[in-house]
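Beneath this line is the structure, given in structure tokens, with notes to follow.
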Amino acid sequence: MSSKIASQVFYNVGSIDLSVVIDGIDPKRHTELFTFQDYVIVGNPADLLQTNSIILSKGDADRMLTAIGDVIQVTTAQQGNKAQLKVVGYYQSGLADFDNTNSFASINTVQKMMGEPSSYLTDIQVKLYDFNEAPAFASEYRDIFEIEADDIQTVNAQFETGSSIRALISRAVGITLLVVSGFGIYNILNMMIYEKLDTIAILKAIGFNSSDVKRIFITIALSIGLIGGAVGLFMGYLACLGIERMPFETEALPTVKTHPVDFKYYLIGGIFSLVTTYLAGFFPARKASSVDPVDIIRGKRQSNPYWKQKTSISLSTIP
Amino acid sequence: MEAKNIDKSFYNPIETQVLKQVSFTINRGEFVSVVGRSGCGKSTLLYILSTMDTDYKGELLIDEEVITGKSLNYLSKLRNEKIGFVFQFHYLLKEFSVLENILIPGLKLGRFSREELEYRAMEKLKIFDMQEHALKKANQLSGGQKQRLAIARALINDPILIMGDEPTGNLDKKNADFVFNIFKELAAEFHQTILIVTHDPEFTEGTDRIIEMEDGKVIRQ
């Protein structure tokens, strides 16, 4: 739990006033709970413990042409109190709009600036071990304390929608690829069975039953899946090693310096490759197991219903 | 082996009865040949006797056991254990070596360990004077060698019945004689029943018994 005061102020830059919000925070708690230090790109959150110090957003600092150690003049919006604050650091959160209107100071500094007693607070931020419980907690606190309580999901609804749609697209592409490759394997096995009709017939003649033949072809399909999956994952791993090193610096995600790679997807990929090849192998294997050895050995393939279904060249296709 | 009143018809494109009330008994250790003009139904009869074709009327007994109406899996097991096949075309598996081709039915049966099977397979190859080819691939052999290998494969599980559909049809005189002598020896010394469908009059002369067929009926046995 971390307490906070949001105060509306103006920066006085020469004759211009910039309207911003200064968040009064407890630097130690805020750092512990919300990894504040990751967003402070120059300086240290602990510097806020000195009275009358401020960590400016990078955007504001650039606009006001201030440097570390400079003193800026602010006026509070409600009371009109003036105060002088020393710049001890810059921060960048990744949300440009938020950055342009927010700066951080300690709770004490803000209380003094506003002329409020030390019991004055505007917000209490609560961090849960499992953030999925946030909506339930929010509504519970709303009822118990009769306050306004927002959960993280509601506050970040836009972001959530974006990531779920991205996940949906990448999964749809993945499934499409698997289905296409599954059909490829299906065709290969179908042709293979046509080529191996004699072998299937003789295996059956010397005492292999239908399920043995089916097992042989499913084993072939699964080994294609296993070897293909392993080679594919290895190549993907090599590609990921490269991508992982690729610089990926964006203002939106200040803590991420290279492309993020999540290796748990390798497991999913491996399992899916096996499932796809099993399904692709199952139907050709079933056809193979129904081959009648007598028809093959006597050379009467036409009488086998399996081969009747095969597409043939029709007269209309001959130029 | 006994066949009782076997009828068989093909329905494609029109109903044609190829076997009419075929009945005979073959005793253990007999060397029997089935002869007749082409189209008289002798191959059809062989495939029914081999248990691979189950679509017939009548009753078939092998080793004093009724085979008609048994499940396909049971029949596969029976073929594996008690029947050896030699076809006109050798039907070897070209991916495997000579030795492995012989081993396959034995490994399927699982009566012996792999080492023991390899030893037995080598013994069979020695009968056919092929032991030096054991590690070659099956498709590196000559036609006669392939046919001898196919017979060796039929023998690996010591079947009580060996069936052949024109096993010497593709062979020259020398190889055909060799194959014939092997069959003769198997019947005489190991009391294995041998049933061969053939066109070759020379081959038939040497057998113990001739079943002659004409137009789907047994006319002389």
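Going line by line, the protein sequences match chains A and B.
The first sequence begins at 1 in my numbering and counts up one residue at a time.
The second sequence begins at 320 in my numbering and counts up one residue at a time.
Every residue gets a Cβ at the ideal spot worked out from N, C-alpha and C, and that includes glycine.
Just so it is clear, the structure is predicted and the values come from calculations on it, not from any experiment.
Host alpha helix (DSSP H) of residue i (start-end)
i	result
Gln464(B)	Gly462 to Leu474
Leu364(B)	Lys361 to Leu368
Ser181(A)	Ala157 to Glu195
Lys422(B)	The sequence shown places Leu at residue 422(B), rather than the Lys named in the question. Its alpha helix (DSSP H) spans residues Val417 to Leu428.
Phe498(B)	The sequence given here has Val at residue 498(B), not Phe. Per DSSP, Val498(B) belongs to the alpha helix (DSSP H) from Lys492 to Phe509.
Ile144(A)	Ala134 to Phe145
Ile296(A)	Pro293 to Ile297
Span of the beta strand (DSSP E) around residue i
i	result
Asp326(B)	Glu321 to Phe329
Glu378(B)	Lys376 to Ile381
Gly24(A)	Ile16 to Ile25
Glu531(B)	Arg528 to Glu533
Ile481(B)	Leu480 to Asp484
Ser103(A)	Asn102 to Ser106
Phe234(A)	Looking at the DSSP string, Phe234(A) is not in any beta strand (DSSP E); the run it does join, the alpha helix (DSSP H), is Ser210 to Arg245.
Asp123(A)	Asp123 to Gln125
Ser289(A)	No beta strand (DSSP E) holds Ser289(A); the alpha helix (DSSP H) holding it covers Lys264 to Ser289.
Lys339(B)	Thr335 to Thr344
Arg539(B)	Lys536 to Arg539
Ile41(A)	Val40 to Val42
Contacts that residue i makes with chain B (C-beta to C-beta distance below 9 Å)
i	result
Ser290(A)	Residues of chain B passing the Cβ test: none, with the nearest at roughly 11 Å.
Thr199(A)	Tyr410, Leu412, Lys413 and Glu414
Arg298(A)	Ser362, Thr363, Tyr366 and Asp484
Cutoff 8 Å; reference residue i; Cβ partners in own chain excluding five residues on either side
i	result
Asp123(A)	Ser3, Lys4, Ile5 and Ala6
Ile530(B)	Phe343, Val351, Ser352, Val353, Val354, Val537, Arg539 and Gln540
Tyr237(A)	Tyr266
Pro305(A)	Low confidence applies to Pro305(A): its pLDDT is 49, below 50, so where it sits in the model is not reliable enough to give any reading.
Tyr330(B)	none
Ala506(B)	Gly348, Glu349, Phe350, Thr512, Ile513 and Asp527
His510(B)	Arg347 and Gly348
Val385(B)	Glu378 and Leu379
Asn190(A)	Pro284 and Lys287
Residues near residue i in its chain [Cβ-Cβ closer than 7 Å; skip 5 each side]
i	result
Pro293(A)	Ala201, Lys204 and Ala205
Pro135(A)	Asp151 and Gln153
Ser303(A)	The predicted model places Ser303(A) with a pLDDT of 46, which falls under 50 and marks its position as unreliable; any figure quoted below should be read in that light. Correct list, in chain order: Asp295.
Val110(A)	Ile5, Ser7, Ile22 and Gly24
6 Å CB neighbourhood of residue i in its chain, flanking five on each side removed
i	result
Lys308(A)	Residue confidence for Lys308(A) is low, a pLDDT of 48 falling below 50, so the modelled location carries little weight; the figure read from the coordinates is stated next. Correct list: empty, nothing qualifies.
Tyr186(A)	Ala280
Thr31(A)	Gln37 and Pro45
Ser210(A)	Ser289
Gln336(B)	Ser328
Phe18(A)	Before going further, note that residue 18(A) is Leu rather than Phe in the sequence given. Excluding residues within five positions, the ones whose Cβ falls inside 6 Å are Tyr11.
Met320(B)	Ile345 and Ile381
Proximity test, residue i beta-carbon vs the ligand NAD heavy atom, cut-off 7 Å
i	result
Ser7(A)	For the structure depicted, the ligand NAD is absent and the ligand set is empty, with no information on it obtainable.
Chain A contact residues for residue i, given Cβ-Cβ distances below 7 Å
i	result
Lys396(B)	Gly207
Phe404(B)	Ala205 and Ile206
Pro424(B)	Ile206 and Gly207
Where residue i meets chain B, residues with beta-carbon distance less than 8 Å
i	result
Val294(A)	Tyr366, Met371 and Asp372
Ile193(A)	By Cβ distance, chain B contributes nothing, its closest Cβ being about 15 Å from Ile193(A), past 8 Å.
Residues sharing a beta bridge with residue i, DSSP
i	result
Val516(B)	Val353(B) and Asp484(B)
Asn12(A)	Asp17(A) and Gln73(A)
Tyr438(B)	Answer by DSSP bridge pairing: none, since Tyr438(B) is not bridged.
Gly403(B)	Ile481(B)
Ala205(A)	Ala205(A) is not bridged to any residue.
Ile54(A)	Val87(A) and Ala105(A)
Ile152(A)	Looking at the DSSP assignment, Ile152(A) forms no beta bridge with any residue, so it has no partner.
Lys413(B)	DSSP output for Lys413(B) lists no bridge partner at all.
Lys4(A)	Ile25(A) and Asp123(A)
Rounded Cβ spacing between residue i and residue j (contact assumed at less than 8 Å)
i	j	result
Lys214(A)	Ser289(A)	4 Å
Ala106(A)	Leu48(A)	Correcting the residue identity first, residue 106(A) is Ser in this sequence and not Ala. Correct: roughly 5 Å between the Cβ atoms.
Gln84(A)	Met114(A)	About 15 Å; that fails the 8 Å criterion.
Thr276(A)	Gly182(A)	4 Å
Ser362(B)	Asp484(B)	6 Å
Val9(A)	Val74(A)	5 Å
Ile501(B)	Ile470(B)	6 Å
Leu468(B)	Ala457(B)	7 Å
Short CB-CB distance (under 8 Å) between residue i and chain D
i	result
Lys465(B)	This model lacks chain D altogether, as its protein chains are A and B.
Closer than 7 Å at the beta carbon, the chain B residues around residue i
i	result
Ser210(A)	Leu391
Lys218(A)	Per the sequence shown, the amino acid found at residue 218(A) is Ile instead of Lys. Neighbours of Ile218(A) on chain B: none; closest Cβ ~17 Å, over 7 Å.
Ile165(A)	Here the premise fails: no neighbours, minimum Cβ distance about 50 Å.
Neighbouring residues, chain A, relative to residue i (Cβ below 8 Å)
i	result
Lys427(B)	Ile206, Gly207, Phe208 and Asp212
Asn489(B)	None at all; the shortest Cβ gap to chain A is about 14 Å.
Asn399(B)	Ile206, Gly207 and Phe208
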